[in-house]
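*Asks:* Protein chains in written order, with the working numbering: chain C, 61 to 458; chain Y, 61 to 458; chain V, 249 to 628; chain H, 249 to 628.
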């Protein structure tokens, strides 16, 4: 048992840090650190920078252009990116559709799609959930009917994150109504520019636009965009669900957030003294730090065990539950730390005069919104209730 | 809306308090305040004192010898008894079997049993649960077969509190296997001295003996001990379950316990200062006090609403859940307040010399045991999970 | 002891509820929240007509002589409707200050105008960097003989962008954290040197940062005793806290209804999700938390009028802390049980949740008031 | 970075587990708990034979040179078996004090005797009224030239009733709460003036109140530096805390197994109660809490040997606080899910629960250590 990083791993960390130091655009880092919204351009710029370094899809097998890193290296990379304020790499392309294409796609799909993911040329989004198929994904109804060399797709997808930025969408569609629900689902890749696709924004609780409805009205999709076999899509979907793993616990991000929380507690004042001296608030920080210390180890335990058996397990659900709870605690504490300055909706409304008198103004603006928005992390990607069901069934055999 | 007690209610309180002051034996009060175990004699002595005053069964209708008090008066009485350290009146006779006999028993049963309950002559226990029928009470199997003027009872009851003290047991027994489980249950009153009854002690987590198994081996019970009609026992049982109400929230007891907790926090020391000055411990006391302040009002709201509609509602489940949680918090804090002095199993082992040096000795002895024992209050009488099911179904219609 | 409302109280609540159901639907409210003022002057006039703006004032000033329980009833319904109109600042905060501390002529001039809906007011008390401490006042008012010059800044003044007059606290004596030396002044929004920067708050209402640069007011602007305003401010804020607790209870009740309805209608895995026991139990916990919060809010409303300052402090802080805890858990659970629908702008659930969260940050959060309550145990 | 145990470690754990499964069944344990000693000298001899009592000592004193991770492995299994034998006091507490601070001749005399199972020892440090403060020492040791006279009282000395020798802390200088001025002495149980009053603890093991009335010991009884023992005591207690965390993890693991088994076999309403989602989710939370606690316990075991005193303080307090929280929720949930069977003496569940609860009260409870960890944030 050894919880220290090897000298090689430490050197690796130094190399990563130094690369980020010299290459991460300051405007992007500042947005990330302040919790502001990132635009498409911010994500893409950073992806292209990583790509130039050969780090565009570090978690991929080498044969597809990945870095061939160990789980520990991937974790270090994630931690350094988070600490420096690099944008989170969006999972839809590199971590979701790509592994499916690698495992089940044909050669020509692999050659066509993978390079454009790693280079940042193609932005992917996910077409899984539907208004009536959320936790119960297999009840999905979006229909794809074969007509010659095309599928004709009709239906509606919901909760499509960054669908308004996307070049491609990977979809679960119903190609058969026979047998079990799961047995009639196929996995289709659809060009977002195809006629008949409508993207409608859904405004979030914090007023931001991340998610969308995507409507399909007689959308013609070439059959070569079918991944694997028709009606086997559920298998691929389950494979995918088990995949987005190295950062499902979001330890790196939460460590960076904890650091910001502590800074905030030193800068804000309560009763004429720094807020950190308020024992009740300090204890709350301590509590979330304990949770995070433990999760960091739990995360490594799962990742290293996975690395051995090379098959993602339901333990990821533990990471998802704890990771999301911690993220939510952190955003909540940052908001609470502001006191009554958590009320203003937009500090742009405060002019420089007010800012001078309020220590809060510069970093306070997005914090309440972040708290509200962050309620989603225990809901999306399988709510924490669904995660508990998975653990109960898959690990405990209940 | 008026949350003050009327002048009459305040006078009533004074009268109750003064009666208790002059009549409650000091040795009993001291045991109650220290959380020590009470013996049968302690309960019976106090019951006989109450009976002499005409308060042996205050919650009964006047026609059966009750006091004819309002819900508020009953609450005041309970609060004063708790504050003074009077023994909790055990529910089995006056609050459980008696209402059933009043509502469904015949005249001769009423005349035979009720006076001996109020006078303290008969000690009753409850024969409901069985090893295989806990939460799922209706699956009970103890069998009563009619043979002439007798029922022959065979089977086993579990969790029989104070069964070893009891003169009588009221039992749910199976008299038919036809139809729904609930439709074959009858309500029998059984003399504990009848041949064939065996009482076996079950030792509790704290080492105490409160509960028992009661075995029935061809026990002959006269048919006149059947309450109401054969196979209608489930109706009576449900009626009974809704009854034990005026103190299901145990507000009076918890208020007395909170007071003791505060005294403890002033007497114990942490880091050379009274424990109450430890903000973390003080905050925990504050938190439970908030819960209790709210529950006191919730309790009155339910009781006064019940008083109007004269039918107990599922709101009692709210009182049971919150009341038990608060009781558990209080016993836990008292134990935690002792620090390492919560470890010794019995302070009888410490002689006077050690006692002199430890502020803890006199009142510390039972506190850990009370915490352990008190885990039962969220389990018995329908676990808090069952209570949540009741609320979900009966109040929320889920 | 009884928990019954009088017929008048029930009638008032019923009228208001029907008005809101009809004239203050969620889509109408959304439009208002995005308007310049952030509320409707028309609705305000209608609230005046219903008598709501006169509720807590003595009859000789055109009021209805209502008590804190009456205000509680109203606030519950306003909470349920997510009403944006500046009732708290104008009627509860400023109104009770004037009622309790005003001179005859101040009451004559201001109370009927508030009651009639012609005058919007608020209290500007907290300052940047003070968090929730009530005696931490740096704004000064210097006497020049027969007037005062006010200098300083006040932060997150509720309804400050629309208020016609602002009651402002300032030091006429004492040091920055002294209890003595604080006075109140009534300042018109157009007073030279008064800069008001309004903004929307997270819950869609409005507040403002205010800056006082040599704002001159006459002696007659003094509200209450010179140097002795803190107890009056504390009492007014306590009334406002009790009102906020009632508003929160109204919101929690509405959230529970919405959530229960969602559990019964939303289907997944071939059945309503309300058939799943884990969700049932969470819903039950929401109901229990709400009923307990209702009890505590009721207790504080009944007691706040009648008890001495120390006991008022204890009960009001108890209510703010406890209702805040309940509101947090109910709000978070309502969002979670709604799944994705809980975090979109489209449904009222997210708006209820945001308002509950902002109530917690107003006049002291849960930990602040738990701390006050806890520290009082030292004297027990 | 890796979480793998060596083959030796796995073999040791396996041997111990098999020994306990066979020779330390729950009914045997019950008999021991009710015996005079409260444990079995025979089992103790067998633990010595297995090498357990020599584990953390250097090889030159008959030890195995094991580290804190080795101790963790052992303690997990001892926890699982609810082993009553005084391993913590003798091997972990007293053993590490002697190993780290003893003179050559003290080590020569004591360590092989401990390792061989011939000598029971413990540390007597905490005093009545000190709660969990480590520097709060009133017991005095007055030098008389070439001996010391010890006076004072020590409370809840673990295994104190059976220990052959007791390491006792006493003031040779400084005031009651000074960090400096504390020294350690090794005292035989038969020393005149030493009164030991043993008693069972809530979890069935044994402890004692000890009274020192002019107990005289020679200069050679001094263990470690005069006046400078506090850092050594802190380190030994930190080792003990790490061991207790591992024991707690072992117990939680066993409780989870027992509870899961109960959920699968206990039937109500015609099905195993483990089919009920609310119970499933509670079981899942127990598992998550246990895995998180295991992570934290592991972290502390790996770090306690290698890091400086300040960082050790941080990690060890983090572990004690966090494992304590997990143990509380897992223990309470295990009892609740067992229903009535959880609160009877007959099943091991209640015994596991009691032991977890008592671990929390040993060497500082959850709040105590959270407080230490929290206060360190001030320096961040």
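We put the CB at the ideal spot given by N, CA and C, even for glycine.
When you compare only the Cα positions, how much space is there between residue 125 of chain C and residue 184 of chain C?
*Replies:* Taking the straight line joining both Cα atoms gives about 18 Å.
*Asks:* Counting only Cβ pairs nearer than 7 Å, list the residues of chain V close to residue 361 of chain Y.
*Replies:* The answer, in chain order, is 251 and 543.
*Asks:* What separation, rounded to the nearest whole angstrom, lies between the Cα atoms of residue 383 of chain C and residue 288 of chain H?
*Replies:* Near 45 Å, if we compare the C-alpha coordinates of residue 288 of chain H and residue 383 of chain C.
*Asks:* Ordered along the chain, which non-local residues of its own chain (more than five positions away) have a Cβ less than 7 Å from that of residue 374 of chain C?
*Replies:* Result list for residue 374 of chain C: 450, 451, 454 and 455, in chain order.
*Asks:* Using alpha carbons as the reference points, say which of C/230, C/213, C/270 and C/221 lies closest to residue 160 of chain C.
*Replies:* Here the closest residue by C-alpha is C/230.
*Asks:* Closer than 9 Å, Cβ to any Cβ of chain Y: which residues of the stretch 524–538 of chain H, in chain order?
*Replies:* Hits within the stretch, in order: 524, 526, 527 and 530.
*Asks:* Give the DSSP bridge partners of residue 204 of chain Y, in chain order.
*Replies:* Residue 204 of chain Y is bridged to Y/213.
*Asks:* Examine chain V for any beta-carbon lying closer than 8 Å to the beta-carbon of residue 139 of chain C, and answer yes or no.
*Replies:* Cβ-Cβ to chain V under 8 Å: no for residue 139 of chain C.
*Asks:* Applying the 10 Å Cβ sphere with the 16-neighbour rule, what's the burial state of residue 457 of chain Y?
*Replies:* So residue 457 of chain Y ends up on the exposed side.
*Asks:* Is the Cβ-Cβ distance between residue 481 of chain V and residue 382 of chain V less than 8 Å?
*Replies:* Yes. Within cutoff.
*Asks:* Give the range of the alpha helix (DSSP H) segment to which residue 295 of chain V is assigned.
*Replies:* It spans 289–297 - the alpha helix (DSSP H) in which residue 295 of chain V sits, taken as one unbroken run.
*Asks:* Return the residues of the stretch 375–395 of chain V that lie within a Cβ-Cβ distance of less than 8 Å from chain Y, sorted by chain order.
*Replies:* Taking 8 Å as the Cβ-Cβ cut-off against chain Y, none of the residues of the stretch 375–395 of chain V qualify.
*Asks:* Below 8 Å, how does it come out for the stretch 220–240 of chain C and the stretch 172–188 of chain C: are there three or more Cβ pairs, yes or no?
*Replies:* Segments in contact, yes.
*Asks:* Quick check: the Cα distance between residue 545 of chain H and residue 523 of chain V, rounded to an integer number of angstroms?
*Replies:* Approximately 39 Å, taken between the alpha carbons.
*Asks:* Would the stretch 608–623 of chain H count as touching the stretch 501–519 of chain H if we require 3 or more Cβ pairs under 8 Å?
*Replies:* As far as the Cβ criterion goes, the stretch 608–623 of chain H does not touch the stretch 501–519 of chain H, which means the pair count is below three.
*Asks:* In this structure, how does DSSP classify residue 416 of chain V when only helix, strand and coil are distinguished?
*Replies:* In the structure shown, residue 416 of chain V sits in a strand (DSSP, three-state: E or B).
*Asks:* Taking one C-beta from the stretch 398–406 of chain Y and one from the stretch 169–176 of chain Y each time, how about it: are there three or more such pairs within less than 8 Å?
*Replies:* Contact fails: fewer than three Cβ-Cβ distances are below 8 Å.
*Asks:* Compare the C-alpha of residue 542 of chain V against each of V/301, V/273 and V/324 and name the closest.
*Replies:* Among V/301, V/273 and V/324, the Cα nearest to that of residue 542 of chain V is on V/324.
*Asks:* On the DSSP letters alone, give me the boundaries of the beta strand (DSSP E) that residue 454 of chain H sits inside.
*Replies:* Residues 454–466.
*Asks:* So who's on the other strand from residue 297 of chain C, going by DSSP bridges?
*Replies:* According to DSSP, residue 297 of chain C bridges with nothing at all.
*Asks:* Using only alpha-carbon positions, find the residue among C/353, C/381, C/121 and C/339 that is nearest to residue 445 of chain C.
*Replies:* Per the Cα distances, C/381.
*Asks:* From the beta carbon of residue 445 of chain C, is the nearest beta carbon of chain V less than 8 Å away?
*Replies:* By this cut-off, residue 445 of chain C is an interface position.
*Asks:* What does the alpha-carbon distance come out to for the pair residue 625 of chain H and residue 437 of chain C?
*Replies:* If you take the alpha carbons of residue 625 of chain H and residue 437 of chain C, they lie about 28 Å apart.
*Asks:* Residue 513 of chain H versus chain Y: which residues are under 7 Å apart at the beta carbon?
*Replies:* Residues of chain Y passing the Cβ test: none, with the nearest at roughly 12 Å.
*Asks:* With residue 186 of chain Y as the anchor, note down where its beta strand (DSSP E) starts and where it stops.
*Replies:* First-last of the beta strand (DSSP E) with residue 186 of chain Y: 184–187.
*Asks:* What residues are listed by DSSP as bridge partners for residue 250 of chain C?
*Replies:* Answer is C/229, bridged to residue 250 of chain C.
*Asks:* Check each candidate in H/535, H/490, H/491 and H/494 and name the one with the smallest Cα separation from residue 508 of chain H.
*Replies:* Residue 508 of chain H has its Cα closest to that of H/535, out of H/535, H/490, H/491 and H/494.
*Asks:* Mind listing the chain H neighbours of residue 337 of chain C? Cutoff is C-beta to C-beta under 8 Å, in chain order.
*Replies:* Residues of chain H passing the Cβ test: 626.
*Asks:* Using beta carbons (cut-off 8 Å, strictly below), is residue 455 of chain V in contact with chain Y?
*Replies:* For residue 455 of chain V, the answer is no, since every Cβ of chain Y falls outside 8 Å of its Cβ.
*Asks:* So, helix, strand or coil for residue 195 of chain Y, using DSSP?
*Replies:* It is coil, neither helix nor strand.
*Asks:* On the CB-based measure, 16 or more other CB atoms within 10 Å of its CB, does residue 116 of chain C come out buried or exposed?
*Replies:* Buried, because 16 or more other Cβ atoms sit within 10 Å of the Cβ of residue 116 of chain C.
*Asks:* Would residue 350 of chain H pass as a contact of residue 471 of chain H if the rule is Cβ separation under 8 Å?
*Replies:* Against a cut-off of 8 Å, the Cβ pair of residue 471 of chain H and residue 350 of chain H comes out as a contact.
*Asks:* Please confirm if residue 566 of chain H has its CB atom under 8 Å from at least one CB of chain C.
*Replies:* Answer yes: the Cβ-Cβ gap between residue 566 of chain H and chain C drops below 8 Å somewhere.
*Asks:* Per DSSP, which one or two residues make a beta bridge with residue 446 of chain V?
*Replies:* According to DSSP, residue 446 of chain V bridges with V/456.
*Asks:* Can at least three beta-carbon pairs, one atom from the stretch 491–504 of chain V and one from the stretch 417–428 of chain V, be found at a separation below 8 Å?
*Replies:* Verdict: no, contact absent.
*Asks:* Apart from the five residues just before and just after residue 182 of chain Y, which ones in its own chain have a Cβ nearer than 6 Å to its Cβ?
*Replies:* Same-chain partners within the cutoff: 176, 227 and 228.
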